[in-house]
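Undergrad: Got a structure here, written out as structure tokens. Questions coming.
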Amino acid sequence: LIRPSLIRLSPSSVNSQPWHFVVASSDDAKARVAKAAQGRFTYNEPKILNASHVFVLCARNAVDDSHLSALLSQEDQDGRFINPDARSAQRNSRQSYVDLHRYDLKDAQHWIEKQVYLALGTLLLGAATFGVDACPMEGFDAKALDEELGLRPRGLTSIVLVGLGYGGDGDFNKTLPKSRLQTDVVFSDI
1 LIRPSLIRLS PSSVNSQPWH FVVASSDDAK ARVAKAAQGR FTYNEPKILN
51 ASHVFVLCAR NAVDDSHLSA LLSQEDQDGR FINPDARSAQ RNSRQSYVDL
101 HRYDLKDAQH WIEKQVYLAL GTLLLGAATF GVDACPMEGF DAKALDEELG
151 LRPRGLTSIV LVGLGYGGDG DFNKTLPKSR LQTDVVFSDI
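Residue numbers (the UniProt record's numbering): 1 to 190.
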């Protein structure tokens, strides 16, 4: 439905890529994800179960040294550095951003989650480009989903779900007009 490279190549601050994507395409896999919508979020259960594919966008719980090293190694393998100085500059620049959010701003997890939302935007735009309907969902029990998928022991937590497919005739939203605030309310020229 959607090629993994679409979301894998999403931009992130200093190419930090602090994410992991779980894809549920079988009925059994979607049922596992849908467990997180039971109770308070039951309105999202059919959106999960009826989707062709459901992406679980996860954030790393930390951008640790092993992740930073893996990034640098991959960039090296991919030919991103024209010389050793460029490699050092990238390492130092990325480390300074991580340290800024970890120690100065003390918002590292929030910063990591913002990167996941960049990937979400890429996925949504890509789906629209290919004519695939997408339904992003924050309405789910992340703790329950993390447990169901064994995410916490892997240093991950679920952030947002995206159901992908083609809307059916029963989709009440399909024929309704978009409703957004007026341009002059959400934009300012300076």
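All C-beta atoms, glycine included, are put in the ideal place defined by N, C-alpha and C.
1. Would you kindly report the start and end of the unbroken alpha helix (DSSP H) that includes threonine 175?
2. What span of residues does the alpha helix (DSSP H) with proline 84 cover, start to end?
3. I believe alanine 29 touches isoleucine 48 by the beta-carbon criterion, under 8 angstroms. Please report the beta-carbon distance rounded to the nearest angstrom.
4. Threonine 157: buried (16+ other C-beta within 10 angstroms of its C-beta) or exposed?
5. For the putative contact between cysteine 135 and glycine 168, defined by C-beta atoms under 8 angstroms, what is the C-beta separation to the nearest angstrom?
6. Any idea which residues DSSP pairs proline 4 with across the strands?
7. Pull up the DSSP beta-bridge partners for proline 136, would you.
8. If you pair each beta-carbon of the segment 79-99 with each one of the segment 38-55, do three or more pairs fall below 8 angstroms?
9. What do you reckon, are the CB atoms on serine 10 and alanine 119 nearer than 8 angstroms?
TA: Answer, in terms of the structure:
1. For threonine 175, there is no enclosing alpha helix (DSSP H), since its DSSP letter is neither H nor E.
2. Per DSSP, proline 84 belongs to the alpha helix (DSSP H) from 84-99.
3. Alanine 29 to isoleucine 48, Cβ: 10 angstroms. No contact.
4. Per the 10 Å Cβ criterion, buried.
5. Not really, about 12 angstroms apart at Cβ, beyond 8 angstroms.
6. Note: proline 4 sits in no beta bridge, so no partner.
7. Note: proline 136 is bridge-paired with Val162 in the DSSP secondary-structure output.
8. Verdict: no, contact absent.
9. Yes, the Cβ-Cβ distance between serine 10 and alanine 119 is below 8 angstroms.
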